[in-house]
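The sequence shown begins at 2 in the numbering used here and counts up by one. Even glycine gets a Cβ: it sits at the ideal position worked out from N, Cα and C. Below is one structure, written out as structure tokens; comments come after it.
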Amino acid sequence: MKCVVCKQADTRPGTATVTMERGGLTVVYKGVPAQICPNCGEEYVDSAVADRLLKEADETARNGTQVEVRQFVAA
Ligand SMILES: [Zn+2]
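As structure tokens, this is what we get:
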């Protein structure tokens with residue numbers, strides 16, 4: 002798809018590092034599948050993937066965790 006930020010290039014499949022903040026928790030997910038703009042570097046994470054990461058972050062926040070780094074694992 003065409004990048005909506007710079008409108009200069011088509012995005013390409015790749016992986017991104019996504020940071021989620023939920024309450025007092027910060028979770029960093031590495032290796033998240035995403036479409037990436039080769040021109041400006043904008044990352045587009047699939048909404049189904051983003052929803053899943055948010056749910057996981059909510060569960061982790063309930064344990065009182067403050068910072069966590071995870072490797073993304075495909076469902
Ligand atoms: Zn772009």
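Answer yes or no: the CB of residue i versus the heavy atoms of ligand 1, is any distance below 6 Å?
i, result
"Glu-43", "yes"
"Asn-64", "no"
How is residue i classed by DSSP in three states: helix, strand or coil?
i, result
"Glu-43", "coil"
"Thr-16", "strand"
"Thr-66", "coil"
"Ala-35", "strand"
"Val-74", "coil"
At a cut-off of 6 Å, is residue i close to ligand 3 when judged by its beta-carbon and the heavy atoms of the ligand?
i, result
"Val-6", "Ligands present in the displayed structure are limited to ligand 1, and ligand 3 is not among them."
Residues in its own chain within less than 7 Å of residue i by CB, not counting five upstream and five downstream?
i, result
"Gly-15", "Ala-35, Ile-37"
"Val-46", "Ala-17, Val-19, Val-33, Ala-35"
"Val-50", "Val-33, Pro-34"
Going by DSSP, name the residue or residues bridged to residue i.
i, result
"Lys-56", "Per DSSP, none; premise fails for Lys-56."
"Lys-3", "Asp-11"
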